[in-house]
Structure formats: C-alpha cells, structure tokens
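*Asks:* The structure follows.
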Amino acid sequence: MVVENQEERFLSDEKLRLLSRADTPVVYRAIPFGPTEERQRRFLLDCQQLLILVTVPSLGLNFDFHLTSVEHREESSEVKTYFESPLIFNGVCVKWVGHIGQSTLRGAGHFVFDSERARALEELRREEALRYQTRIDSICSRFRVPG
48 MVVENQEERF LSDEKLRLLS RADTPVVYRA IPFGPTEERQ RRFLLDCQQL LILVTVPSLG
108 LNFDFHLTSV EHREESSEVK TYFESPLIFN GVCVKWVGHI GQSTLRGAGH FVFDSERARA
168 LEELRREEAL RYQTRIDSIC SRFRVPG
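Going from the sequence shown to the numbering used here is simple: count from 1 and add 47.
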C-alpha cells in the first residue's frame, strides 16, 4: 500500500531520510554464524537467484532485497557486487542502490525515490478508489440512502 504524496513523505520521513544518505552501512545476513567460506558461496548463489538478505545494523532493519540488476566489479583488493532493488518502504516507492564486498560481506547503499513506480501505483490507487466510490454510489441509489 502506498501513501498519497509519496515524494513529500520520502523527504519528510525520518527513517527514509536516514536511509537515503549515501553509504549507509549494510551487512549480508544469511547464515550469520556459518563459516566465512560458506557465507561467501551463499552470497554468490543468492545474487544469481536475485534475492539477498541484508541488515542495516545502525537502525536494526532487515531487508530481503529482490534484485533487478546485479553487477560484479573488481575494485582495488576486493570484488564488489553492485545491485538495485525496488520496494515500498513506509508507503513510499523507493529503490535500494548499493554494493557488498564478496569477501567481507559488508557494504553500503541508500534509498532513492522511485518516481516512475510511484506515479504508476498512485494511478492504480486512484482507479481503485474511483471503483469503490462508484460501487458505494450505486448501492446508495439502489436503496435510496442519502449519500
């Protein structure tokens, strides 16, 4: 469910503001107490399956990111996996844009407002509200209930 005035909410919501700052630290959270090598293999498998489990330790938030793009880049001494994941957070359409190091399983990212998806879902919400209002008006007129 999305809220009205999503962009305004994106700019005013405290958690969204915190998470939209660049470089919010994240940690891959699957198999938290498993051996490092097993966790690294699982991370790569999850990337192939386009679903990774991530935590934002500073806020105590956990996300199951369904990925729309994944790219592996070698940077200095580590290969980093860059990814995007659209979602609705606090009623606002956003995309998480971030990266996680394949050896450390730590990374960073942030939310960006997904204006295209917000417009599409707002239009669907309006159409649904109109259908319900039409149905209510029909029932009121059929039973001669003042509207």
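Note that CB positions come from ideal geometry on N, CA and C, so glycine has one too.
These numbers were taken from a predicted model, which means no experiment stands behind them.
Could you tell me the alpha carbon to alpha carbon distance between residue 78 and residue 111, rounded to whole angstroms?
*Replies:* 14 Å
*Asks:* Would you mind giving the Cβ-Cβ distance between residue 66 and residue 158, rounded to the nearest angstrom? I have them listed as a contact below 8 Å.
*Replies:* Contact holds; Cβ gap of about 5 Å.
*Asks:* The beta strand (DSSP E) spanning residue 105 covers which residue range?
*Replies:* Taken as a continuous stretch (DSSP letters only), residue 105 belongs to no beta strand (DSSP E), as it is neither H nor E.
*Asks:* My output table needs one value for residue 78: the three-state DSSP class, helix, strand or coil.
*Replies:* coil
*Asks:* Pop quiz: residue 146 and residue 138 are said to be a contact at Cβ under 8 Å. What is the actual Cβ separation, rounded to whole angstroms?
*Replies:* Their Cβ separation, rounded to whole angstroms, is 27 Å, which puts residue 146 and residue 138 out of contact at 8 Å.
*Asks:* Our contact map puts residue 98 next to residue 113 with C-beta atoms below 8 Å; I'd like the distance itself, whole angstroms only.
*Replies:* 6 Å
*Asks:* Based on the DSSP output, what are the partners of residue 109 in its beta bridges?
*Replies:* 102
*Asks:* On the DSSP bridge list, what partners appear for residue 129?
*Replies:* 118, 146
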